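To keep things clear, I will list the structure first and then write my remarks on it.
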Amino acid sequence: MAVEIVESSMVTAGEATPEHRIWLSNLDLLVARSHTPTVYVYRRTGPDSDPAFFSPDVLKAALSKVLVPFYPLAGRLAQDSAGRPEISCTGEGVLFVTARSDATVDDLGDLAPSDELRRMLVPAADVAAAGILAMFQVTFFRCGGVCLGAAIHHTAADGLAALDFVNTWAAIARDVAGDGEAAAAAVQRPWLDRTLLRARSPPAVRFDHAEYSRRRGGGSKLPFDSAILPMSKNQLNALRGAGAGAGKRLSTFTAVVAHVWRCACKARGLAVAGTEAATRLYMTADARTRLHPPLPRGYLGNAIFRASVVAKVSDIVAAGPLGAVAEKVSAATARLDDGYVRSLVDHLEQTAAASGGAAGLRKGEWVMPESDLWVISWQGLPLYDADFGWGRPAFMGRACLQFSGLVYLVPGRDDGDGRLDVVVSMEPESLVKFKDVFYEGLKC
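Those letters in the sequence shown? Residues -14 to 429, per this note's numbering, in order.
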């Protein structure tokens, strides 16, 4: 499928914004030093001849307005005198690209993440060398549908912060288009001060943060494919009920994660007779509401961190209800309170000091072995609130994934069907087997 670039331009804030530098927390420095690529797909809802549908002029005008409160995203990634990354609020702007394709939205298939999807629909990453923090591409399809591809630098914003930006941009666009009912007036201004996540002095590490002490550097990434596996509301309810056994009903997150972990171990053939092979499950958590007091609403930065649990493969794949596996998942997340998060930030401070500075937090490339799995849940996030004046997106998701063994839990649009999509990346042969055991296990 071919995509033709029509126009590229830099969009700057519509008013003067402060010029200063923003200190980055240890959680900001630990995430991938790259852009997070996402895609929003919209189907035309009005007349085919409506020239205003997803008007680039409206989008750019709204983007110029939203960059006033979110001005750090119009800056550039820089370094201080000691080499520690920071955001320089230069006001240079964000990249906005307009493109078109002779294909249709349906030609995109189920929009499973892939390098090809990223290449076609999200701005090229080579401009990242200049430290640009946000890039957007609007692609118009022959059928009248539109795709908005977004690439926001992970160092500048985690998933919720990036969604806050895009959804605020959309609310302002509704005003610009004359259909927002003063939506912009109710916009939550971002919280820019990241020192709320500064380490304590002296650091007080009270937990074992093993998931931050391994798996970086050495080895090579496994080849992988990606797939979207939808789960219906009935399948989710059956899984929650069957997994609980005689105990209380499992949460959707706990039940699905336990099921995915078991299926991954089976599909990858990790259970070898006569061995005590181990598997590690990573999970991403949000510190915003775990801290006391919680981080302010609209916190613009990274407040995510990872937790993990290790188990014998034989225990994970053992026959019977998911209850025992679910208990391991629940125990790993139950301890993630204010004390744990503060201990983690202090641990990262000590790690940086022992490895020659902040750059030491990301020495080597992340390499995850075949025995491990990393689950990230987007449940509860405002994924489908980006209505720019022409309706909510029909689809929102990752354009591509970074490595094998990565799983996203993505809720369907809140249209009453209760669907949950499991987006998984895995070695090609293992992925084929994973699909089989995944749905076989849902026949509860």
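Positions of the beta carbon are idealized from the N, C-alpha and C atoms, including for glycine. All values reported here derive from a predicted model rather than from experimental measurement.
| Any idea what DSSP makes of serine 340, helix, strand or coil? | In the sequence shown, the residue the question calls residue 340 occupies position 355. Residue state, collapsed to three classes: coil.
| task | For proline 22, name the three-state secondary structure that DSSP assigns. | result | Here residue 22 refers to the residue found at position 37 when the sequence shown is read from its first residue. Correct three-state label for proline 22: strand.
| Burial state of isoleucine 157, where buried means 16 or more other Cβ atoms lie within 10 Å | Counting from one through the sequence shown, the residue named residue 157 turns up at place 172. By the 10 Å Cβ count, isoleucine 157 comes out buried.
| task | Give me the Cβ distance between glycine 283 and arginine 174, rounded to the nearest whole Å; I'm assuming they're in contact under 8 Å. | result | Locating residue 283 in the sequence shown gives position 298, counting from the first residue. Locating residue 174 in the sequence shown gives position 189, counting from the first residue. Rounded, the Cβ-Cβ distance is 6 Å, consistent with contact.
| query | When the Cα atoms are used, what is the spatial distance from proline 281 to aspartate 87? | reply | Looking up residue 281 in the sequence shown gives position 296. Looking up residue 87 in the sequence shown gives position 102. Taking the straight line joining both Cα atoms gives about 45 Å.
| said: Once DSSP output is grouped into helix, strand and coil, what is the label at arginine 327? | reply: For the purposes of this step, residue 327 is taken as the residue at position 342 of the sequence shown. Helix.
| request: May I ask which residues mark the beginning and end of the beta strand (DSSP E) holding arginine 159? | output: Within the sequence shown, numbered from 1, the residue matching residue 159 stands at position 174. Taken as a continuous stretch (DSSP letters only), arginine 159 belongs to no beta strand (DSSP E), being part of the alpha helix (DSSP H) at 144 to 161.
| task | Would you grab the beta carbon distance between threonine 23 and arginine 383 for me? Rounded to a whole angstrom, and I think it's under 8 Å. | result | As a first step, residue 23 must be located in the sequence shown, where it is residue number 38. As a first step, residue 383 must be located in the sequence shown, where it is residue number 398. So it is a contact: roughly 6 Å between Cβ atoms.
| message | Within a Cβ cutoff of 8 Å, which residues of the same chain sit near leucine 446, ignoring the five residues on either side of it in sequence? | response | Residue 446 lies beyond the residue range present for the chain, which begins at -14 and ends at 429; the question has no answer from this structure.
| field | Burial state of serine 66 (16 or more Cβ within 10 Å) | value | Taking the first residue of the sequence shown as position 1, residue 66 is located at position 81. So serine 66 counts as exposed.
| query | Grouping DSSP H, G and I as helix and E and B as strand, with all else coil, what is methionine 105? | reply | As a first step, residue 105 is located in the sequence shown; it is residue number 120 there, counting from the start. Residue state, collapsed to three classes: helix.
| Alpha carbon to alpha carbon, how far is isoleucine 301 from valine 79? | Looking up residue 301 in the sequence shown gives position 316. Looking up residue 79 in the sequence shown gives position 94. Cα to Cα, isoleucine 301 sits roughly 46 Å from valine 79.
| Which residues in the same chain have their Cβ closer than 7 Å to the Cβ of tyrosine 325, if we skip the five residues on either side of it in sequence? | Walking along the sequence shown from the start, residue 325 turns up at place 340. The residues are Phe192.
| Apart from the five residues on each side of it in sequence, which residues of its chain come closer than 6 Å, Cβ to Cβ, to valine 242? | For this step, residue 242 is matched to residue 257 along the sequence shown. Excluding residues within five positions, the ones whose Cβ falls inside 6 Å are Val314, Val360.
| request: Have a look at Thr2, Leu9, Glu71 and flag the residue whose alpha-carbon is nearest the alpha-carbon of proline 54. | output: Sequence index remark: in the sequence shown, residue 54 carries index 69 (1-based). When each option's Cα is compared against that of proline 54, the closest is Thr2.
| message | In whole angstroms, give me the CA-to-CA distance for valine 123 and glycine 341. | response | Within the sequence shown, numbered from 1, the residue matching residue 123 stands at position 138. Within the sequence shown, numbered from 1, the residue matching residue 341 stands at position 356. Spanning the two alpha carbons is a distance of roughly 42 Å.
| Within this structure, are the beta carbons of alanine 343 and proline 70 separated by less than 8 Å? | On the sequence shown, position 358 is the one that residue 343 refers to. On the sequence shown, position 85 is the one that residue 70 refers to. Yes, the Cβ-Cβ distance between alanine 343 and proline 70 is below 8 Å.
| message | Measuring only the C-alpha atoms, how far is arginine 225 from alanine 136? | response | Working through the sequence shown from its first residue, we reach residue 225 at position 240. Working through the sequence shown from its first residue, we reach residue 136 at position 151. If I take the Cα positions, the gap works out to 35 Å.
| So the beta strand (DSSP E) arginine 247 belongs to, where does it begin and stop? | For this step, residue 247 is matched to residue 262 along the sequence shown. Here arginine 247 belongs to no beta strand (DSSP E); instead the alpha helix (DSSP H) covers 237 to 252.
| So the alpha helix (DSSP H) valine 298 belongs to, where does it begin and stop? | Counting from one through the sequence shown, the residue named residue 298 turns up at place 313. Run containing valine 298: 298 to 302, per the alpha helix (DSSP H) assignment.
| task | Count the C-beta pairs between the stretch 5 to 16 and the stretch 326 to 340 that are closer than 8 Å, then say yes if the count reaches three, no if not. | result | yes
| task | Just the C-alpha distance for proline 215 and glycine 68, rounded to the nearest angstrom, thanks. | result | Counted from its first residue, the sequence shown places residue 215 at position 230. Counted from its first residue, the sequence shown places residue 68 at position 83. Each residue's Cα considered, the two are about 44 Å apart.
| query | glutamate 261: which of Pro278, Ala296, Thr269, Arg185 sits nearest, CA to CA? | reply | Taking the sequence shown and counting its residues from 1, one reaches residue 261 at position 276. Looking at the Cα atoms, Ala296 is the closest of the given residues.
| query | If we call anything under 8 Å between Cβ atoms a contact, is leucine 285 one with histidine 194? | reply | In the sequence shown, the residue the question calls residue 285 occupies position 300. In the sequence shown, the residue the question calls residue 194 occupies position 209. Going by C-beta atoms, leucine 285 is not nearer than 8 Å to histidine 194.
| task | Identify every residue that forms a DSSP beta bridge with methionine 411. | result | Along the sequence shown, read from residue 1 onward, the residue named residue 411 stands at position 426. Bridge partners of methionine 411: Asp210.
| request: Report the three-state DSSP secondary structure of valine 64 (helix, strand or coil). | output: Along the sequence shown, one-based indexing puts residue 64 at 79. One point to set straight first is that residue 64 is glutamine, not valine, in the sequence displayed. The answer is strand: DSSP assigns glutamine 64 an E or B state.
| query | Do you know whose CA, among Trp154, Ser356, Glu(-11), lies nearest valine 51's CA? | reply | Taking the sequence shown and counting its residues from 1, one reaches residue 51 at position 66. Answer by Cα proximity: Trp154.
| said: Less than 8 Å between the C-beta atoms of methionine -14 and aspartate 92, yes or no? | reply: In the sequence shown, the residue the question calls residue -14 occupies position 1. In the sequence shown, the residue the question calls residue 92 occupies position 107. Yes, they are a contact pair.
| query | So, is methionine 411 buried or exposed, given that buried needs 16 or more other C-beta atoms within 10 angstroms? | reply | The residue you call residue 411 lines up with position 426 of the sequence shown. Per the 10 Å Cβ criterion, buried.
| request: Report all residues from its chain with a CB closer than 8 Å to the CB of lysine 45; omit the five preceding and five following residues, and keep chain order. | output: On the sequence shown, position 60 is the one that residue 45 refers to. Here the set comprises Ser(-6), Val(-4), Phe81.
| query | Does DSSP put histidine 332 in a helix, a strand or coil? | reply | As a working note, residue 332 is residue 347 in the sequence shown. Note: histidine 332 maps to helix in three-state DSSP.
| Secondary structure at alanine 309, three-state DSSP: helix, strand or coil? | Within the sequence shown, numbered from 1, the residue matching residue 309 stands at position 324. Alanine 309 falls in the helix class under three-state DSSP.
| query | With respect to the alpha helix (DSSP H) encompassing serine 186, which residues constitute its N-terminal and C-terminal limits? | reply | Looking up residue 186 in the sequence shown gives position 201. Premise fails: serine 186 is in no alpha helix (DSSP H) and is neither H nor E.
| Can you tell me where the alpha helix (DSSP H) with serine -7 in it begins and where it stops? | Position 8 of the sequence shown, counted from the first residue, corresponds to residue -7. Looking at the DSSP string, serine -7 is not in any alpha helix (DSSP H); the run it does join, the beta strand (DSSP E), is -11 to -4.
| request: Below 8 Å on the Cβ atoms is my guess for glutamate -8 versus threonine 83; work out the distance and round it to an integer in Å. | output: Within the sequence shown, numbered from 1, the residue matching residue -8 stands at position 7. Within the sequence shown, numbered from 1, the residue matching residue 83 stands at position 98. Right, the Cβ-Cβ distance comes to about 5 Å (below 8 Å), so this counts as a contact.
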